[in-house]
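**Q** Per full-length UniProt numbering, residue 1 is the first one in the sequence shown, and the count goes up by one each step. Quick reminder that beta carbons are idealized off the backbone N, C-alpha and C, glycines included. Once you've had a glance at the structure underneath, I'll fire off some questions.
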Amino acid sequence: MAAMRTESVLILGGGLMGLALAHKLARRGSTVEVLSRRRNEAAGFVAAGMLAPHAEGLSGEQLRLGQLSLDLIPAWVNQIETDSGLCCGLRQCGIVVPFATATQRDLYPTAYLGETLDRSGLEREVPGLGPNWQAGLLFSQDGQIDNRRRLMRALETACVSLGVRFQEGVEVQEILRDGDTFRGVRMRNAEGEMHTLTSQKAVLCCGAWSAQLLPALAIVPVKGQMLSLQGPRDSLKRIVFGPGTYLVPREDGLLVVGATSEPEAGFMEGLTPFGQQQLQAGIDTLLPEASQWPPMERWWGFRPCTPDGGPLLGRSSVDGLWLATGHHRNGVLLAAITAKLLDKCLGNQPLNKTEQPLMHAFRWDRFHEQD
Ligand code: GLY
Numbered sequence: 001m002a003a004m005r006t007e008s009v010l011i012l013g014g015g016l017m018g019l020a021l022a023h024k025l026a027r028r029g030s031t032v033e034v035l036s037r038r039r040n041e042a043a044g045f046v047a048a049g050m051l052a053p054h055a056e057g058l059s060g061e062q063l064r065l066g067q068l069s070l071d072l073i074p075a076w077v078n079q080i081e082t083d084s085g086l087c088c089g090l091r092q093c094g095i096v097v098p099f100a101t102a103t104q105r106d107l108y109p110t111a112y113l114g115e116t117l118d119r120s121g122l123e124r125e126v127p128g129l130g131p132n133w134q135a136g137l138l139f140s141q142d143g144q145i146d147n148r149r150r151l152m153r154a155l156e157t158a159c160v161s162l163g164v165r166f167q168e169g170v171e172v173q174e175i176l177r178d179g180d181t182f183r184g185v186r187m188r189n190a191e192g193e194m195h196t197l198t199s200q201k202a203v204l205c206c207g208a209w210s211a212q213l214l215p216a217l218a219i220v221p222v223k224g225q226m227l228s229l230q231g232p233r234d235s236l237k238r239i240v241f242g243p244g245t246y247l248v249p250r251e252d253g254l255l256v257v258g259a260t261s262e263p264e265a266g267f268m269e270g271l272t273p274f275g276q277q278q279l280q281a282g283i284d285t286l287l288p289e290a291s292q293w294p295p296m297e298r299w300w301g302f303r304p305c306t307p308d309g310g311p312l313l314g315r316s317s318v319d320g321l322w323l324a325t326g327h328h329r330n331g332v333l334l335a336a337i338t339a340k341l342l343d344k345c346l347g348n349q350p351l352n353k354t355e356q357p358l359m360h361a362f363r364w365d366r367f368h369e370q371d
C-alpha cells in the first residue's frame, strides 16, 4: 500500500487522460484540479472505445504498452465502478479482423497472436459478414468499453466523489514559467475573465490541442468521423475491424461505426458527405444487413497524432510540467497504463524494469533527436 500524498496537481484537459490521472492521483490523496475547455470535444467521448492492441496490428513498444494497459483494465474499471457506483460497460467481446485473402491475413503484424479463421470460421464468429472476406483473425483477448455513454461519466463521478475540483469552459492561454520551471497557467474562465493559477506541478493532457500550449510537441490533429446505428440486441457479438471501417456492437444493440482518418482536415469541424459515404461503404461491405438499421448519431473528433503514432509520456521541457498526450488511435486502451505511469512519476515512485524502457521510448523529444 503506497503512502498517502499531500501534493497539489493541476490537470490541463478534462478528457479521458486527464480524468484517468485525476482519479488515480486523488485516490492517493493528492489535491487535484482539472481545467477543461469543452468536455464534449475530448477524444474520450468521440472514440469507439475499442481495446485493441492486437486487432490494431500494433508492434514494438506500442504493442507492449497496449498489452500492459489491457492487463490493467479490469482492475482499473473495477476501481472506477466502485468509486462512482456506475458501470463502465467493459466487455471482452473479442475482435475479428477480416481479410480478402489468407496471404493478407498471414502478413498482418499481430497474426501470430490471433486465432486463424477461414471463411466458415468468419461466418461462425460474424454471422452476416459480407462475401468479400475469405480469411480472418480472431483476437479474443481484445474488447471494448462504452466510453461515450458510460466510462467518461463514471470517471467524472468517481473524481468528484474523491474531491477532485473541476473548472469547465476554461481556456488555458499560456504556460507560466520561471526559466525552465513551471509556475502555473494564465487562463480565461467561462465568464471571460483572465486569471493566473499558480501551481508547482501540472500534467498536460490536451490531446490534439497540446501543441497550442507547448509548440515543441510533435502532435497534429487527425480528424475522425463516426456514426451509430441501432441494431437488434445481440445481432453482433464480436467487434469487426475492417480496413478503414470498424463495427463496435454495444450490449444494447447500438452499433458504433468508425472512423475516417483525415489528417488533411486539420481542426476543420463538422461532418462531410465524403466521410459519411466512406463509413456507409464500409458498413455495406462488412455487414450488409446493417445498412438497413436506423442511424442514431453522427459525430466527429480529433485524434492527437505524433509522427510514430505513439503517445508522449513523462517529463516535458518545463520542469514540473508533465505530459500525458498524443495517444492517437489508442487513447481508451492506453488510459489505464498512462494513469499508472504518470502517477508513479509525479509521486517519485520507482518505475520497474518493464516501465522504465517504455517511459524512455515515449519521451516527448524522441523525434527531435533524430533530426
Ligand atoms: N481507435 C480507432 C480510431 O481511432 O479510429
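How far does the beta strand (DSSP E) with S36 in it reach, from first residue to last?
**A** Where S36 is concerned, the enclosing beta strand (DSSP E) stretches over T31 to S36.
**Q** Among the candidates V332, L358, G314 and F367, whose CA atom is the shortest distance from the CA of N348?
**A** Residue G314 is the option with its Cα nearest to N348.
**Q** How do the stretch 150-168 and the stretch 21-39 stand: do at least 3 beta-carbon pairs fall below 8 Å, yes or no?
**A** Touching, yes.
**Q** Could you pull out every unbroken alpha helix (DSSP H) segment of at least 4 residues lying fully inside the stretch 65-147, listed in chain order?
**A** As far as the stretch 65-147 is concerned, its whole alpha helix (DSSP H) runs of at least 4 residues are 102-107 and 119-125.
**Q** In the DSSP assignment, find the unbroken alpha helix (DSSP H) run with P273 in it and report its ends.
**A** Here the alpha helix (DSSP H) through P273 covers P273 to L286.
**Q** Measure the Cβ-Cβ separation of P295 and S228 and say whether it is below 9 Å.
**A** For P295 and S228, yes; Cβs fall inside 9 Å.
**Q** Short of 7 Å in beta carbon distance, which residues of its chain neighbour R64, apart from the five on each side in sequence? Order them along the chain.
**A** Taken in chain order, the residues that qualify are L358.
**Q** What do you get for T338, buried or exposed, if any count of 16 or more other CB atoms within 10 angstroms of its CB means buried?
**A** T338 should be labelled buried.
**Q** Could you check if V332 belongs to the surroundings of the ligand GLY, using beta carbon to heavy atom distance under 8 Å?
**A** The answer is yes for V332.
**Q** Whose C-beta lies closer than 6 Å to the C-beta of V96 among residues of the same chain, with five residues either side of it excluded?
**A** Contacts found: E125, V126, G136, L138, R238 and V240.
**Q** Less than 8 Å separating the Cβ of residue 391 from some heavy atom of the ligand GLY?
**A** Any answer about residue 391 is impossible in this case: the structure gives the chain only from 1 up to 371.
**Q** For the ligand GLY, any of its heavy atoms closer than 8 Å to the Cβ of R303?
**A** Yes - the ligand GLY has a heavy atom lying nearer than 8 Å to the Cβ of R303.
**Q** Alpha carbon to alpha carbon, what distance is there between N189 and L12?
**A** Looking at the two C-alpha atoms, the distance is approximately 13 Å.
**Q** Where does residue 375 fall in DSSP's three states?
**A** The displayed coordinates of the chain run from 1 to 371. Any statement about residue 375 would go beyond what the structure contains.
**Q** Under the rule that 16 or more other beta-carbon atoms within 10 Å means buried, what is D180, buried or exposed?
**A** Classification of D180: exposed, given that the 10 Å Cβ count is below 16.
**Q** Spatial neighbours of H54 within its chain, please: C-beta separation below 7 Å, excluding the five flanking residues on both sides.
**A** Taken in chain order, the residues that qualify are T110, L113, G114, F139, Q141 and D142.
**Q** In its own chain, which residues sit with a C-beta less than 8 Å from the C-beta of M1, not counting the 5 before and 5 after it?
**A** The predicted model places M1 with a pLDDT of 46, which falls under 50 and marks its position as unreliable; any figure quoted below should be read in that light. Correct list: empty, nothing qualifies.
**Q** I want to check one thing, is the minimum distance from the CB of M17 to the heavy atoms of the ligand GLY below 8 Å?
**A** No; taking the cut-off as 8 Å, the Cβ of M17 has no heavy atom of the ligand GLY nearer than that.
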